[in-house]
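All residue numbers for the sequence shown refer to this note's numbering, where the first residue is 27 and numbers rise by one. Here is the structure we will look at.
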Amino acid sequence: MIRDFALERKAPDQAKNTTRLLMAYQTGDGPRAFCTTAWTVILSAMDPESADYTTALQKLCATYWFPLYAYARRKGLNTEDAQDAVQSFFQALLSKDFLNSVDRHKGKFRSFIVTAFNRFLINRFAHGTRLKRGGAARAFSLNALEAEDRFLHEPHDEASPDKLFDKNWAETVIALVLERLREEFVRVGEGARFDLLKPNMLGHLTEDNYATLGQKLALSEGGVKTVVRRMRLRFSALLREELLHTLANPDDLDSEVRHLLEALA
């Protein structure tokens with residue numbers, strides 16, 4: 027499990043501090059400059075003339091489209107209305123009037139976006155308006171049928187819309203981080219190795235697992251352990267980096283990691 031191997035690496039003075047999750051923050055290439063935050067992404071995405079416009083819009087939709095869609099469905103909206111609500115919300119989110127009303131120096135982007143979306147839904151129903159379909163964000167949204175199928179396969183529990191949003195957000199972040207890690211392996215010609223090790227990376231491996239993987243990879247058991255450990259540390263570093271970009275205050279990073287792990291529990 028993620029929580030288990032996240033605690034593998036501990037600095038000497040933190041060996042007993044289990045709250046310092048995923049401390050592989052400085053492994054690999056290290057984090058990108060903090061200037062690339064979710065707020066920066068929005069500022070790029072709201073300007074169609076920006077060189078980063080398409081990438082920024084894709085980033086926002088890839089991370090938040092389905093969590094917001096599932097949130098709207100759990101709130102009681104039907105498939106079409108939920109899809110329209112998310113699309114229209116992205117259009118509103120990228121407007122200058124909307125951005126001028128928020129303080130980008132406070133809070134966590136995860137909390138900001140779900141709160142803003144909830145208010146958006148409340149205002150929508152208060153005015154009795156039906157949102158128009160279409161818009162720039164639609165080009166990058168998930169396939170509606172795929173999104174609905176994914177929603178229908180969510181556990182049938184009593185989780186609140188907010189809890190469900192956090193769970194879907196956490197799963198989406200993990201998927202994005204795994205894709206980034208795979209891209210790093212592909213760039214050095216190790217894509218096939220990553221695909222073989224990925225199913226085993228986030229779980230517990232026995233000696234038999236290592237032996238079997240060693241045969242497939244033409245590595246010793248010790249060699250497999252080294253590769254898996256490096257993958258886990260790099261994954262941890264990328265995860266912290268991904269979360270860091272959603273925070274106004276870097277000091278909130280550890281609490282955001284804990285929140286993600288709790289959402290996945």
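The C-beta atom is built at its ideal place from N, Cα and C for all residues, glycine as well. Fair warning: this is a prediction, and the values are worked out from it, not measured in the lab.
Selection from L86, D277, E180, P276 that minimises the alpha carbon distance to A96:
As a position in the sequence shown, residue 96 is number 70, starting the count at 1. Taking each of L86, D277, E180, P276 in turn and checking the Cα distance to A96, the smallest one comes out for E180.
Three-state class that DSSP yields for K189 in the structure shown
Translated into positions along the sequence shown, residue 189 becomes position 163. Per DSSP, reduced to three states, the secondary structure at K189 is helical.
Enumerate in chain order the residues of its own chain whose CB-to-CB distance from L269 is below 8 Å, with the five nearest sequence positions on each side excluded.
Stepping through the sequence shown from its first residue, residue 269 is reached at position 243. Within the same chain, and ignoring the five residues on either side of L269 in sequence, the residues whose Cβ sits closer than 8 Å to its Cβ are V199, L279, E282, V283, L286.
Hey, how far is the Cα of R255 from the Cα of A111?
Counting from 1 along the sequence shown, the entry for residue 255 is found at position 229. Counting from 1 along the sequence shown, the entry for residue 111 is found at position 85. When the Cα atoms are used, R255 and A111 turn out to be separated by approximately 42 Å.
In the structure shown, what three-state DSSP assignment does K119 receive?
Residue mapping note: residue 119 aligns to position 93 of the sequence shown, counting from 1. Before going on, a small fix: residue 119 reads as Leu here, not Lys. Three-state DSSP puts L119 in a helix.
Those residues which DSSP pairs with L273 across a bridge:
Here residue 273 is taken as the residue at index 247 of the sequence shown, counted from 1. L273 is bridged to K134.
CB contact flag (L86, F116, <8 Å)
Locating residue 86 in the sequence shown gives position 60, counting from the first residue. Locating residue 116 in the sequence shown gives position 90, counting from the first residue. Their beta carbons are under 8 Å apart, which means L86 touches F116 by this criterion.
Sequence-distant residues of the same chain with beta carbon closer than 6 Å to G56, five excluded per side:
In the sequence shown, counting from the first residue as 1, residue 56 sits at position 30. Confidence in G56 is poor, its pLDDT being 31 and thus under 50, which makes the residue's placement unreliable; the coordinate value appears in the next sentence. Setting aside the 5 residues that flank it on each side, G56 has no residue in the same chain whose C-beta is closer than 6 Å to its C-beta.
Buried or exposed: which applies to D234, given that a residue is buried once 16 or more other Cβ atoms fall within 10 Å of its Cβ?
The count along the sequence shown starts at 1 and reaches residue 234 at position 208. With a threshold of 16 other beta carbon atoms within 10 Å, D234 falls short and is exposed.
So, at 8 Å on beta carbons, what are the nonlocal neighbours of R208 in its own chain, with the 5 sequence-adjacent residues on each side left out?
One-based indexing of the sequence shown puts residue 208 at position 182. G217, F220, D221, K224.
Closer than 6 Å by C-beta to T372: which residues in its own chain qualify, once you throw out the five before and the five after it? Chain order, please.
This structure leaves residue 372 out entirely; the chain is present only between 27 and 291.
Endpoints, the alpha helix (DSSP H) within which A244 is located
As a working mapping, residue 244 is identified with position 218 in the sequence shown. Where A244 is concerned, there is no enclosing alpha helix (DSSP H), because DSSP gives it neither an H nor an E.
Three-state secondary structure assigned by DSSP to L231:
Reading the sequence shown from its first residue, position 205 is the one you call residue 231. Look at L231 here: in three-state DSSP terms it is coil, with no helix or strand label.
Would a C-beta distance cut-off of 8 Å place L103 and V203 closer than the cut-off?
Here residue 103 refers to the residue found at position 77 when the sequence shown is read from its first residue. Here residue 203 refers to the residue found at position 177 when the sequence shown is read from its first residue. No, Cβ-Cβ distance for L103 and V203 is not below 8 Å.
If we ignore side chains and look at the alpha-carbon of each, how far apart do R176 and V253 end up?
As a first step, residue 176 is located in the sequence shown; it is residue number 150 there, counting from the start. As a first step, residue 253 is located in the sequence shown; it is residue number 227 there, counting from the start. Between R176 and V253, the alpha-carbon positions lie close to 33 Å from each other.
What does the alpha-carbon distance come out to for the pair L243 and T81?
Locating residue 243 in the sequence shown gives position 217, counting from the first residue. Locating residue 81 in the sequence shown gives position 55, counting from the first residue. Answer to the nearest angstrom: the Cα atoms are 35 Å apart.
Out of E267, L228, L290, Y90, which has the shortest C-alpha to C-alpha gap to M257?
Walking along the sequence shown from the start, residue 257 turns up at place 231. Considering only alpha carbons, the answer is L228.
Locate the alpha helix (DSSP H) running through L286, then write down its first and last residues.
Within the sequence shown, numbered from 1, the residue matching residue 286 stands at position 260. For L286, the uninterrupted alpha helix (DSSP H) run begins and ends at 279-290, by DSSP.
Please say whether A289 and A196 have beta carbons closer to each other than 8 Å?
Here residue 196 refers to the residue found at position 170 when the sequence shown is read from its first residue. Here residue 289 refers to the residue found at position 263 when the sequence shown is read from its first residue. For the pair A196 and A289, the CB atoms are nearer than the 8 Å cut-off.
Local Cβ density within 10 Å of A291, reported as buried at 16 or more and exposed below that
Stepping through the sequence shown from its first residue, residue 291 is reached at position 265. Exposed, since its Cβ has fewer than 16 Cβ neighbours within 10 Å.
Beta-carbon proximity of V250 to L259, cut-off 8 Å
In the sequence shown, the residue the question calls residue 250 occupies position 224. In the sequence shown, the residue the question calls residue 259 occupies position 233. Taking 8 Å as the Cβ cut-off, V250 and L259 do not qualify as a contacting pair.
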